[in-house]
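Okay, structure first, notes after.
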Amino acid sequence: MSTLSEAYQDLPLHPHHVIPLDFDSVRALPDSHAWPPASHASESDDRLSIPTVDLTDPDAGKLIGQACEAWGAFQVTNHAIPLDLLREVESEARRLFSLPTGQKLKALRSPGGATGYGLARISPFFNKYMWHEGFTIMGSSTDHASDLWPNDYQRF
Numbered sequence: 056m057s058t059l060s061e062a063y064q065d066l067p068l069h070p071h072h073v074i075p076l077d078f079d080s081v082r083a084l085p086d087s088h089a090w091p092p093a094s095h096a097s098e099s100d101d102r103l104s105i106p107t108v109d110l111t112d113p114d115a116g117k118l119i120g121q122a123c124e125a126w127g128a129f130q131v132t133n134h135a136i137p138l139d140l141l142r143e144v145e146s147e148a149r150r151l152f153s154l155p156t157g158q159k160l161k162a163l164r165s166p167g168g169a170t171g172y173g174l175a176r177i178s179p180f181f182n183k184y185m186w187h188e189g190f191t192i193m194g195s196s197t198d199h200a201s202d203l204w205p206n207d208y209q210r211f
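According to my numbering, numbering within the sequence shown proceeds without interruption in unit steps and concludes at 211.
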């Protein structure tokens with residue numbers, strides 16, 4: 056069985072599907088990111104809400120599988136992750152994404168890579184780009200962190 060990293064190497068992205076929009080330089084919505092208006096459904100329609108999985112539920116494993124099959128994502132409750140750790144992770148994410156674009160590009164994900172700074176791997180499946188930037192980590196983040204903060208990467 057191949058790993059996710061190997062699968063990404065087998066399906067490299069074109070470079071324009073890797074580099075995010077430079078949000079600091081944008082003065083108007085580029086056509087590449089302009090999606091047609093969405094028709095919004097009622098907020099009370101549970102079929103249109105990302106599933107929430109309570110990890111204390113005895114059927115949590117089954118519910119996670121169903122959520123992955125139906126949505127590819129889910130929200131978790133009762134995960135027992137300390138609030139202080141979540142705040143620290145959020146703080147580091149803010150520190151990362153507040154860096155100047157040129158600095159973030161030092162950790163740019165390669166077209167065949169699985170980790171680093173860049174657009175979501177699902178970008179090529181849409182005719183418009185998502186209004187976001189991302190940073191994928193699998194395993195240790197030390198290599199990318201040392202590219203971004205050569206003298207202060209241990210925190211990350």
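The beta carbon of each residue, even a glycine, is placed where N, CA and C say it ideally should be.
For residue j and residue i, the rounded distance between their alpha carbons
i	j	result
residue 199	residue 158	11 Å
residue 185	residue 103	19 Å
residue 175	residue 208	24 Å
residue 144	residue 179	29 Å
residue 149	residue 113	35 Å
residue 167	residue 201	21 Å
residue 140	residue 88	34 Å
residue 118	residue 82	43 Å
residue 206	residue 137	28 Å
Beta-carbon proximity check, residue i vs residue j, cutoff 7 Å
i	j	result
residue 172	residue 190	yes
residue 105	residue 121	no
residue 78	residue 147	no
residue 188	residue 75	yes
residue 111	residue 133	yes
Same chain only: Cβ atoms within 7 Å of residue i, ignoring 5 sequence neighbours per side
i	result
residue 154	203
residue 196	211
Cutoff 8 Å; reference residue i; Cβ partners in own chain excluding five residues on either side
i	result
residue 164	73, 170, 171, 172, 173, 191
residue 115	108, 109
residue 160	74, 172
residue 85	76
Residue interval of the beta strand (DSSP E) (run including residue i)
i	result
residue 190	189–191
residue 171	171–173
Start and end residues, alpha helix (DSSP H) containing residue i
i	result
residue 109	Taken as a continuous stretch (DSSP letters only), residue 109 belongs to no alpha helix (DSSP H), being part of the beta strand (DSSP E) at 107–109.
residue 130	Not the alpha helix (DSSP H): residue 130 falls in the beta strand (DSSP E), residues 130–132.
residue 117	115–125
residue 198	197–203
Contact set for residue i: own chain, Cβ-Cβ below 6 Å, skip 5 residues either direction
i	result
residue 162	171, 172, 199, 202, 203
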